[in-house]
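Numbering (the working numbering), first residue to last: 1486 to 1565.
Right, here's the structure in full:
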């Protein structure tokens, strides 16, 4: 149960991060640099937008989650 809710909360964190950054871009608080090299679709439901300002922080969040999960698995294997 807790793994499912943790995964759901992580998806919400990525979505809120993307949505918040999109709102800041629309209000001209931060710049908007569209990624033209790779065709990334805009998915409002997941907060994914084809700009560097939103993709980079979301990617870092995903990498941090992967690092934490792999660290936890590695430390659990070392204890066993």
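Idealized CB from N, CA, C, for every residue including glycine. Note that the structure is a prediction, hence the values are computed from the model and not measured.
Review point. CA-CA distance, residue 1505 and residue 1551?
Key: Rounded to the nearest angstrom, the gap between the Cα atoms of residue 1505 and residue 1551 is 22 Å.
**Study point:** residue 1525, enclosing alpha helix (DSSP H) - first and last residue
**Key:** Here residue 1525 belongs to no alpha helix (DSSP H), and DSSP marks it neither H nor E.
Review point. Touching or not, the segment 1545-1559 and the segment 1524-1532, by the rule of three or more beta carbon pairs under 8 Å?
Key: Counting C-beta pairs with one atom in each stretch, the segment 1545-1559 and the segment 1524-1532 have fewer than three that are closer than 8 Å, which means they do not touch.
Check your understanding: Tell me which same chain residues have a C-beta within less than 6 Å of the C-beta of residue 1531, skipping the five on either side of it?
Key -> Answer for residue 1531: 1500, listed in chain order.
**Study point:** From 1554, 1503, 1539 and 1533, residue whose alpha carbon lies closest to that of residue 1488
**Key:** Out of 1554, 1503, 1539 and 1533, 1554 has the C-alpha closest to the C-alpha of residue 1488.
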